[in-house]
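What follows is one structure encoded as structure tokens, with my remarks underneath.
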Amino acid sequence: MNWEQLLSLKKYGDTKPRERNKQNETRIGFEVDYDRIIFSDSFRSLQDKTQVIPLSNTDFVHTRLTHSLEVSVVGRSLGRIVGKALLEKYPNLKDLGYQINDFGAIVASACLAHDIGNPPFGHSGEKAIGEYFKSGNGIKYKNELSDKQWQDLIDFEGNANGFKILTESRVGVEGGLRLSYATLGAFMKYPKASLPKKPTTNIVDKKYGFFQSDTETFLDVAKSLHLEQNRKEDVSYLRHPLAFLVEAADDICYTIIDFEDGINLGWIEEEFALEYLIKLVKDTINTEKYYQLTTKQDRISYLRALAIGNLINEAAAVFLENETKILAGQYQISLLEKCKYEAQINDIIKISINKIYRSKEVIEKEISGYKVLADLLDVFINAVNNTFEQKPSSYDSLIMSLLPLKYQNLDTNMYDRILSVCSFIASMSDGAAILLHKKIKGVVI
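Per the UniProt record's numbering, the very first residue in the sequence shown carries number 1; after that it's consecutive.
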């Protein structure tokens, strides 16, 4: 892989190359990507989607929206640090017009969109959709689908749904958001299909990144960027190098900021938390300034800022140290797994798992989310299929009126119809899903 091709400004439908040195400097294509994502309705719905703590009534706990904005800020810094070094290493990129901020803009845009396909109720929402097909009422559709189509459903993946949102064409909206292929490449942390499942030590095999219905679009992006195939016998590619930075930005934010949320909620004792955060910042902390801070929130905020700054510098250093291996596809773990703070990060994650992710409040709301999503899937899939077969009940017709037109794929096959419903359910915010569930159950009118 080489950077000239990886930094492609190409967008869906382009017939001519977009050259960097011919871009309008007031509105670079990579920055347009950011704007298109932030103004999209899919991004807007993240304001009421769970990051870790579902349906929190506090004003400081993070949602998917605030998390995505923070990840984009961290990603921008990572991209700029790396971009500065790469432009010095590859002066031909400067000759083509590329600048430091281009790297920051690509990574920031991909980070902004990294959770755009996630369903309500956090990661348990993905599992809830998968379980509906694996062991719920949705299992009856198994024999009508191919193995790959079925795998897409039973392992429903927010990353694949995100790629669908960003790229899916419909009448009047060709190519979805029409993002640059460099941004789409950086977005794809798992550039492979759901099958075959071949767990390996290579991080790209951890999950999958596109649905079967989007294979052609995925291949167009991968081949345009000249990504290397990971395995010749199936649709599996190596990561775009900047995807490692997107992943690092997400890892940094959820590690530190979820921990901060737990402290501010009182689920993690301040003294206990300080012990672990101090280990991350001991080389950069200004103890005089720290002891002048009188509130817990100010002290935690100060340590959080230092910790994120240190991890940004460390992740960028690991990337640059391994950049040649990354381009050759020989680097197969996350950047933070190789940083000098790995032990401290793992300690913080363990505490967060025990104190936050497995807390009674989180688990109880995740259980409710399973029921909400299963019931919504049942009602809408039945209505869509009955309508397709021209035998809808009056109830089905009423349900169809609630399904936005862009999800009503009535002239397609069973897989596409079901996947459209899944995408609709996944697009909903936590609050919208709960309210609609109450209405279809007759709990509220």
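Beta carbons: idealized from backbone N, C-alpha and C, even for Gly.
Because the structure is a prediction, the values reported are computed rather than measured.
CA nearest to the CA of residue i, picked from the options
| i | options | result |
| --- | --- | --- |
| residue 438 | 373, 158 and 204 | 373 |
| residue 275 | 299, 254 and 253 | 299 |
| residue 428 | 126, 141, 96 and 326 | 126 |
| residue 73 | 348, 366 and 305 | 305 |
| residue 95 | 167, 289, 235 and 22 | 22 |
| residue 176 | 441, 163 and 334 | 163 |
| residue 297 | 71, 261 and 310 | 261 |
| residue 279 | 10, 332 and 310 | 310 |
| residue 264 | 286, 252, 290 and 295 | 295 |
| residue 133 | 370, 233, 86 and 392 | 370 |
| residue 364 | 347, 124 and 66 | 124 |
| residue 405 | 391, 384, 394 and 395 | 384 |
| residue 283 | 102, 307, 9 and 205 | 307 |
| residue 252 | 292, 71 and 381 | 71 |
| residue 140 | 217, 174, 7 and 382 | 382 |
| residue 317 | 301, 86 and 292 | 86 |
| residue 1 | 436, 18, 230 and 347 | 230 |
| residue 367 | 99, 434 and 66 | 434 |
| residue 206 | 213, 232, 281 and 236 | 236 |
| residue 218 | 200, 173 and 166 | 166 |
| residue 168 | 213, 142 and 197 | 213 |
| residue 440 | 390, 378 and 41 | 378 |
| residue 185 | 408, 442, 392 and 11 | 11 |
| residue 211 | 198, 157, 395 and 171 | 157 |
| residue 37 | 115, 442 and 122 | 115 |
| residue 18 | 9, 281 and 24 | 9 |
Integer-rounded CB distance, given that residue j should sit under 8 Å from residue i
| i | j | result |
| --- | --- | --- |
| residue 319 | residue 107 | At roughly 11 Å, the Cβ-Cβ gap does not stay under 8 Å, so residue 319 and residue 107 are not in contact. |
| residue 426 | residue 117 | 7 Å |
| residue 109 | residue 30 | 6 Å |
| residue 415 | residue 145 | 5 Å |
| residue 339 | residue 321 | Their Cβ separation, rounded to whole angstroms, is 10 Å, which puts residue 339 and residue 321 out of contact at 8 Å. |
| residue 102 | residue 7 | 7 Å |
| residue 393 | residue 407 | That belief does not hold up - the Cβ atoms of residue 393 and residue 407 are roughly 20 Å apart, past 8 Å. |
Proximity of residue i and residue j at Cβ, strictly below 8 Å
| i | j | result |
| --- | --- | --- |
| residue 46 | residue 20 | no |
| residue 258 | residue 345 | no |
| residue 130 | residue 147 | no |
| residue 181 | residue 225 | yes |
| residue 104 | residue 80 | yes |
| residue 400 | residue 412 | no |
| residue 161 | residue 423 | yes |
| residue 303 | residue 277 | yes |
| residue 330 | residue 202 | no |
| residue 220 | residue 193 | no |
| residue 112 | residue 77 | no |
| residue 249 | residue 13 | no |
| residue 335 | residue 342 | no |
| residue 527 | residue 179 | Residue 527 lies beyond the residue range present for the chain, which begins at 1 and ends at 445; the question has no answer from this structure. |
| residue 349 | residue 268 | no |
| residue 430 | residue 152 | no |
| residue 380 | residue 403 | yes |
| residue 3 | residue 93 | yes |
As assigned by DSSP and simplified to three states, the class of residue i
| i | result |
| --- | --- |
| residue 237 | strand |
| residue 200 | coil |
| residue 63 | strand |
| residue 322 | coil |
| residue 282 | coil |
| residue 310 | helix |
| residue 171 | coil |
| residue 230 | strand |
| residue 192 | strand |
| residue 215 | helix |
| residue 9 | coil |
| residue 148 | helix |
| residue 339 | coil |
| residue 418 | helix |
| residue 155 | coil |
| residue 73 | helix |
| residue 448 | Since the displayed the chain opens at 1 and closes at 445, residue 448 lies outside it and no answer follows. |
| residue 443 | coil |
| residue 121 | coil |
| residue 329 | coil |
| residue 20 | helix |
| residue 268 | coil |
| residue 389 | coil |
| residue 39 | coil |
| residue 292 | helix |
| residue 180 | coil |
Check: residue i C-beta below 7 Å from any heavy atom of the ligand MN
| i | result |
| --- | --- |
| residue 433 | You won't find the ligand MN in this model; it holds no ligand whatsoever. |
**OP:** Decide yes or no for the touch test of the region 231-251 against the region 178-192: beta carbon pairs closer than 8 Å, at least 3 of them.
**Re:** Taking a cut-off of 8 Å on C-beta distances, the region 231-251 touches the region 178-192, as three or more cross pairs fall below it.
Subject >> Validate contact between the region 317-332 and the region 358-373 using beta carbons, cut 8 Å, 3 pairs >> reply: no
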